[in-house]
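As structure tokens, the structure follows; a few thoughts come after it.
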Amino acid sequence: MKTISLYIFIVTALVKTAFSFRCEDVYLDSKETLYKAISLEKVEDKKVYTSTDTVEYSTWYIDPCRSVEKQPEDSKIKCPSNSKVCLIKSIEFKGEKEKIYDIKGYAVSDPPQDPLIKQGDYILNFEGEKNSGYTTEITFTCAGNKGTPEVTLDEDNKKVSIKYKGICVSDSKTEPTDDNKNKDDNSSSSGHFFIRFIFIIIFCYFVIGSCYNFFVLNKKGIEIIPNIELWTNLITVCYDKITEFFGRRGYSPIQI
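Letter by letter, the sequence shown follows residues -20 to -1, 1 to 236 in mature numbering (1 follows the signal peptide of the UniProt record, and there is no 0).
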């Protein structure tokens, strides 16, 4: 049973990798990718309490396309691993050195679902740290001027909303907007994806089949290859056909 669970886990991981969201595959109306259009954003909110001579900082580190786990650079305490959105709370008391007292990852790893298109806006949904219950919605909209993203934290509903203005995602989503490109260029991306998907399926077939033959059926040597008889016969038939074909090409009929 454990072996079957391992097989399922491997297949799920490989398929998830093939279909995972990538900023490099999303094109804007400006013909550049989302990956190149945005970078690390630092959004800071400062509250000053004059009665206690205290300053409280809430600093957001945001990058939907890359991990912010190395932030803040000037601190030994970092954002969670694989986090795309991270909030660090710190306090400065009576001029002393700023101290971090809370750190959370609100968007960890890649989006668990496909992007949404709503009224022209391009929306990504992330999940927070494990068991946190938080979700993060990142929206890219054409409306407004490009600048620092707007961040809203709704602690009651455990949701973070981030809006990038002035960023227009192309209608094709995964193709650059260029009317001069021919059909071959336009289909190259989907063709590469199809080839990659087929390769993953074949890879899973041989890896999982070999593991099953080795661990479950206790086969050894070349016999661990799944359906070895089929592949041996196929190679033999192909070899015979190739030999026959080249033999015919070199054949000269006898002249009488």
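Glycine included, each C-beta is placed from N, C-alpha and C at the ideal position.
Note that the structure is predicted; figures quoted are calculated from it, not measured.
- Task: Give the DSSP-derived three-state secondary structure of I18 in the structure shown.
- Result: DSSP, reduced to helix, strand and coil, places I18 outside both helices and strands of the structure shown, so it counts as coil.
- Message: Can you tell me which residues form a DSSP beta bridge with K26?
- Response: DSSP, once it has assigned bridges, lists Y37 as partnering K26.
- Closest by C-alpha distance to N137, when choosing among E130, S112 and G146: That would be S112, whose Cα lies nearest to the Cα of N137.
- For L8, the three-state DSSP class (helix, strand or coil): The answer is strand: DSSP assigns L8 an E or B state.
- Message: Do D9 and S150 count as a contact pair if the criterion is CB distance below 8 Å?
- Response: Going by C-beta atoms, S150 is nearer than 8 Å to D9.
- Task: Buried or exposed for V28, please, with buried defined as at least 16 other CB atoms from any protein chain shown within 10 angstroms of its CB.
- Result: Burial check for V28: the Cβ neighbour count within 10 Å stays below 16, so the residue is exposed.
- Query: Mind checking whether Y37 and E24 have CB atoms under 8 Å apart?
  - Reply: Yes, they are a contact pair.
- Message: Just to confirm the assignment, what range does the beta strand (DSSP E) spanning C66 have?
- Response: C66 -> beta strand (DSSP E) spans S63 to F73.
- Task: Below 8 Å on the Cβ atoms is my guess for C59 versus G85; work out the distance and round it to an integer in Å.
- Result: With a Cβ gap of about 6 Å, C59 and G85 count as contacting.
- Query: At which residue ranges does the region 96 to 155 contain complete beta strand (DSSP E) runs of 3 or more residues, listed in the order of the chain?
  - Reply: Correct list: 96 to 98, 101 to 107, 115 to 121, 130 to 134 and 139 to 145.
- Query: Can you find at least 3 beta carbon pairs, one from the region 47 to 55 and one from the region 141 to 150, that sit closer than 8 Å?
  - Reply: They do not touch, by the three-pair rule.
- Query: Under the three-state reduction of DSSP, which class applies to T13: helix, strand or coil?
  - Reply: Three-state result, T13: strand.
- Message: Counting C-beta neighbours from all protein chains within 10 Å, is the total for A17 16 or more, i.e. buried, or is it exposed?
- Response: Looking at its Cβ environment, which holds 16 or more other Cβ atoms inside 10 Å, A17 is buried.
- Give me whichever residues DSSP pairs with D82 in a beta bridge. D82 pairs with K69.
- Proximity to P129 [Cα-Cα], best of T13, N198 and W40: Of T13, N198 and W40, the residue nearest in Cα terms is W40.
- Query: Under the three-state reduction of DSSP, which class applies to V217: helix, strand or coil?
  - Reply: Helix.
- Message: Can you check which of these residues, K139, I97 and E72, is closest to C122 by C-alpha distance?
- Response: Residue nearest to C122 within the set K139, I97 and E72 is I97 (criterion: CA-CA distance).
- Message: Buried or exposed for L104, going by 16 or more other Cβ atoms inside 10 Å?
- Response: L104 is classed as buried because its beta carbon has at least 16 other beta carbons within 10 Å across all chains shown.
- Query: Is it right to say D43 is buried, meaning 16 or more other beta carbons lie within 10 angstroms of its own, or is it exposed?
  - Reply: That one is buried.
- Task: Would you identify the three-state DSSP class for V187, choosing helix, strand or coil?
- Result: V187: helix per DSSP, three-state reduction.
- Under the assumption that E117 contacts S141 (Cβ atoms under 8 Å), give the Cβ distance between them as a whole number of angstroms. Going by Cβ atoms, the distance from E117 to S141 rounds to 5 Å, so yes, they are a contact pair.
- Cα-Cα separation between T212 and F1, rounded to whole angstroms: When only Cα atoms are considered, T212 and F1 end up about 39 Å apart.
- Task: Determine the contact status of K139 and T119, defining contact as a CB-CB distance below 8 Å.
- Result: No, Cβ-Cβ distance for K139 and T119 is not below 8 Å.
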